[in-house]
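Protein chains in written order, with this note's numbering: chain Y, 1 to 935; chain X, 1001 to 1319.
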């Protein structure tokens, strides 16, 4: 009993040391309450409640709790009992021959097998022993001492292929009549192996003992099937054990990253199951390895080569290079539909022979969009391409309708079928149901597709078979036919919307996707074309018996690119050839049958597994029961009311603590979720400045503080004056203007910032520049005012202020600028203006260049957004500046009549523009504006 | 609520019997202070309470007064009257025939004092008893400790009683066995009993003992001494309370939860005591040890004066 007892996590037993500590804790808890004398106690005893508890936990409660804690600790340690029903060797003097199956099927429980073999060898200490792996090709009969045999045994490794047992059998049989043969079998054979095994068992007769697990629980991933829906993994087992099994198929990419998984379920009486890999096709293309989770052997691994990869598609269009509307061309529709699922190649435009050029790249699929006649050398090469396994997809078009070549799935009638044409349709036809034989069968029907025109197939006996999609009257819409190893597919409509609405529908994408899945892969096509070359592919990585990919096995020989057999000694499973066009060899193929070995009358001892008794659930159950008992006992001891209050709560707490301590190791994923908590939830409200709150509540104009108090005062007074005017004349109600330091202050509250430029001033800091840049990108407008119109000379040297502005703007992302054109919306936003004057009237005002077409009939134009920048030199603020009494602070130059009024109107228009955007450019206002303009 | 730690004087644990010697020493230690304090307190109250220096049915000479016509002639003191032409009556000092018996509870619970009070209930009981004795003696009454002294009217009554108490201590009292209220007191008819203590005992027993005293024809005054902690129960949290007279302990999970019920209970017990006292014509005064002793003493003096004197002072002199 003890011999078969083992622990999954023996280290957890160390926790048993803690039991005395728990005992101590249980004894000292609860902490003694404060003791106080109370003389009146006899008088009030009855109202103090019934909490008079025994001072100590009763011993049996302690035992209960300790037992519970011990049970938890033991359960965590995971004790399991494996009764050893070891094979007892018949006493004898002859050599002991141990045959160890070392194929992939044995890898799953390899340690068990080795330990069984070890036990056997130890039993036969004095006899000569021979250990033979059944996959050995030339085992030699040289019985060794038990010690050497042991070391030989331990050096055995499972192989990733089926063992060829014949040589091992022969060797074992040749050992003589007094030899004992023990065969530790994996119970799995290849189909044709049955007679050999039967022969061996018969010949060995009484000398033979077999250790095997029956029925064999091995699960194998036989291969993949690819159909229109995607990939399906085929899971097989040698024998229907009568037990249903579920499992998980995991898909990995070449870096070993998990791409996805899918479940499979083997019915009780089934030997095969299929699991669909419901992955996006992009991911499916990246899969290089599939495996059955928790089956650690090479047979549970399936490696994928490029045969499953993304199809390479060459798209060639008959359209002219200078397509007027590329976005509604057939080429565009087709390429958009194919892009997600295929590696789309288009030969560069203007290449003399695009088809030949495209075929050089060895595509899997060649898509021809309205290429009329294929003739001569081109037709020959395409024919060869198709016959070698390529797929040709053609779209009809005016060119094709007049074509006559045989690279079509069906014969076409001369002249298409047009709505209102010779073969007249009274109304557009709709797409019908997909024929059952069609690869499109099963796609969602889309009866909303209308076909107005198409090319027609000649009625033909083969036609219905070739029809992949038909209209509701049975007219084929998509036809396809296998030719050679490849396919030819024809869409009877154009790839654009001129003939039908098919390209607009999702069905179009689905159809193309299905078509792609039918196309054979480049690797296979290559194999077909490379009839002469046939370079053998050297092993790149091979699997070991446990299904781990490692360096190439020393026995691996270069493999024929068309190799499609299960792996063997010479060609162990793995990747062969270069990474991009490699070949994957697997331990199993879909054609490989996995059969159980029938041992017949031979003595079979079970490979002890499956009889393992796991005590974990029972111990956990016991612990839970003890805790429940403890809770009940506490409740009974203290009375239910008492248990609900003080003591009971404490007991629950203790129990919960012990339980929590015990369960802690079981609940392994304990990431520091405390750390994962957000490091504070946003900004503290108190840290928001008062000014910012004010700015966010009511709009206000803003100016940049230059540091020159005179200028700053002028800016402030100017914006204040403008705010007053706006208040009087418009519906805008502004708060007092605010001075800003863009490097420091948050700008997001303002829509317009006035920035007077000072000559000789240091360039603003990087932070300020970035802030202004962000401000402009977020839709704000900055008015740069150089205030130098007075000193500017046309064509003269730029003034100091202009230079300063240029230096500053050099680091900003500024759009192209232009002087405000007469039809700019700025001239119309509130007042009708033709000039933008300030203190000076001579300077130009620059805004972002308007991109839209200039139209004489449209009185106002605006871009898609408000110009982020307005540059003026007219010193606007000085013109707007008024003192407290409303008197202007600065004289105007040249001081024409109404100049101040015009300056205010300039300001009003700018603010209106900044706040309302291009609204005044809306066509709705055209009549009113035209009327105002007197036209 | 602030948790008041209670302590007993001397501190003793529930199970450990109190050493007699130490207890005696304790009382001996505090008695001189109590004596002084009792005198002080009594002296303060002397001003407020008039003594009984008035004529009455006593033995000792008080004064000669002129004979009033209609008086019994056998009251005339002829020897004095012979000196001059008038008739004199010899008045003797008023002397009460009854005695005051002072019973002070020395049971274990009386040795309790919380930090709120600052001193044990026993000390306060002794203080009140001695001061009251002083007041009574000054008022012409005789005061004695039942079973220890006979009623005395000594001017030095405080000292005399203190000595008696000390003797009693020396002779040995075990607080654990002392009774809060004795089963019987050697009192006579018209005697007055002053019972000072906390009377932590079952109410029926209390009622029975009071009744027994009352049935002997004695009057009495009950001074209930309580520690403020006992009344207020200012505890919160988990406590283990131990009784002082038995070795019981009681664990209380949330003391604040039962505070209200506790106060109600104490109030009802106090009310019950008052009812029992009044039923037998006893006075009832409750004293909390954190209050000054003089307060209670004043009330007591007034009460005893009002209760006792009218019964005996035919002359109607009221304090």
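All C-beta atoms in this analysis are idealised placements derived from N, C-alpha and C, irrespective of residue type, glycine included.
Just so we're clear, the structure is a prediction, and the values are computed from it rather than from any experiment.
Given residue 779/Y, which residues of its chain have a CB within under 7 Å of its CB, disregarding the five upstream and five downstream residues? Cβ neighbours of residue 779/Y within its own chain (closer than 7 Å, five residues either side excluded): 865, 866.
Cβ-based burial, residue 917/Y [other Cβ within 10 Å; buried from 16]: buried
Taking 8 Å as the CB-CB cut-off, is residue 1295/X touching chain Y? It does not; no Cβ of chain Y falls within 8 Å.
On the DSSP bridge assignment, give the partners of residue 1284/X in chain order. 1222/X
The stretch 258–274 of chain Y / the stretch 548–556 of chain Y touching (three or more Cβ pairs under 8 Å): no
Comparing the C-beta of residue 42/Y with each C-beta of chain X, is any distance below 8 Å? yes
So which of 717/Y, 850/Y, 841/Y has the shortest CA-CA distance to residue 887/Y? Across the set 717/Y, 850/Y, 841/Y, the C-alpha of 717/Y shows the shortest separation from the C-alpha of residue 887/Y.
Give the single residue among 692/Y, 616/Y, 479/Y whose Cα lies nearest to the Cα of residue 9/Y. That would be 616/Y, whose Cα lies nearest to the Cα of residue 9/Y.
Can a CB atom of chain Y be found closer than 8 Å to the CB of residue 1261/X? yes
What are the boundary residues of the alpha helix (DSSP H) that includes residue 705/Y? That residue, residue 705/Y, is in no alpha helix (DSSP H); it is neither H nor E in DSSP.
For residue 1288/X and residue 1240/X, what's the separation of their Cα atoms in angstroms? 24 Å
Using the three-state DSSP reduction, which class does residue 384/Y fall into: helix, strand or coil? helix
Anticipated Cβ contact below 8 Å, residue 1011/Y with residue 595/Y, distance rounded: Nothing can be reported for residue 1011/Y, as the shown portion of chain Y is limited to 1 through 935.
For residue 783/Y and residue 872/Y, what's the separation of their Cα atoms in angstroms? 7 Å
What are the residues of the stretch 1260–1289 of chain X that lie near chain Y, defined by any Cβ-Cβ distance shorter than 8 Å? Against chain Y - using a Cβ distance shorter than 8 Å - the residues of the stretch 1260–1289 of chain X are 1261, 1262, 1265, 1266, 1269.
Compare the C-beta of residue 636/Y with all C-beta atoms of chain X and state if any pair is closer than 8 Å. no
So what does DSSP say about residue 1263/X, is it helix, strand or coil? Note: residue 1263/X maps to helix in three-state DSSP.
For the alpha helix (DSSP H) holding residue 66/Y, just list the boundary residues, first then last. 59–77
Suppose you measure from the CA of residue 507/Y to the CA of residue 337/Y; what does that come to, to the nearest Å? 10 Å
For the putative contact between residue 1080/X and residue 1064/X, defined by C-beta atoms under 8 Å, what is the C-beta separation to the nearest angstrom? For a cut-off of 8 Å, the C-beta gap from residue 1080/X to residue 1064/X is around 5 Å, short enough to register as a contact.
To the nearest angstrom, how far is it from the Cα of residue 936/Y to the Cα of residue 800/Y? In the structure as shown, chain Y begins at 1 and stops at 935. Residue 936/Y is therefore absent and cannot be evaluated.
Quick one: any contact between the stretch 1230–1245 of chain X and the stretch 36–44 of chain Y, if contact means 3 or more CB pairs under 8 Å? They touch, by the three-pair rule.
At the level of alpha carbons, what is the spacing between residue 296/Y and residue 460/Y? 55 Å
Compute the beta-carbon to beta-carbon distance between residue 831/Y and residue 909/Y, rounded to the nearest angstrom, for a pair I have assumed lies under 8 Å. 6 Å
Please confirm whether residue 1244/X has its beta-carbon closer than 8 Å to some beta-carbon of chain Y. yes
Taking contact to mean 3 or more Cβ pairs, one atom from each stretch, closer than 8 Å, check whether the stretch 728–739 of chain Y and the stretch 696–704 of chain Y are in contact. yes
Along chain Y, in chain order, which residues have C-beta atoms closer than 9 Å to that of residue 1198/X? 39, 40
Taking residue 787/Y and residue 756/Y to be in contact with their CB atoms under 8 Å, please state how far apart those CB atoms are, rounded to whole angstroms. That belief holds up - the Cβ atoms of residue 787/Y and residue 756/Y are roughly 6 Å apart, short of 8 Å.
Do the CB positions of residue 16/Y and residue 75/Y come within less than 8 Å of each other? no
Assuming residue 1323/X contacts residue 1137/X under a Cβ cut-off of 8 Å, what Cβ separation, rounded to an integer in Å, is found between them? Residue 1323/X lies beyond the residue range present for chain X, which begins at 1001 and ends at 1319; the question has no answer from this structure.
Check whether the Cβ atoms of residue 1293/X and residue 1041/X sit closer than 8 Å, and answer yes or no. Yes. Within cutoff.
Own chain partners of residue 54/Y with C-beta closer than 6 Å, once the 5 adjacent residues on each side are dropped: With a pLDDT of 48 at residue 54/Y, under the threshold of 50, the modelled position of that residue is not reliable, and the figure given next carries that caveat. Correct list: empty, nothing qualifies.
Taking one C-beta from the stretch 564–573 of chain Y and one from the stretch 585–592 of chain Y each time, how about it: are there three or more such pairs within less than 8 Å? In this structure the stretch 564–573 of chain Y touches the stretch 585–592 of chain Y; the number of beta carbon pairs closer than 8 Å is three or more.
Under 8 Å Cβ to Cβ from residue 235/Y, same chain only, skipping five residues before and after it: list those, please. 219, 220, 221, 222, 247, 249, 264, 266, 272, 273, 274, 275, 292
Starting from residue 901/Y and walking both ways along the alpha helix (DSSP H), at which residues does that stretch end? Counting along the chain, the alpha helix (DSSP H) containing residue 901/Y begins and ends at 899–916.
Can you list, in chain order, the residues of the stretch 698–721 of chain Y whose Cβ is nearer than 9 Å to any Cβ on chain X? none
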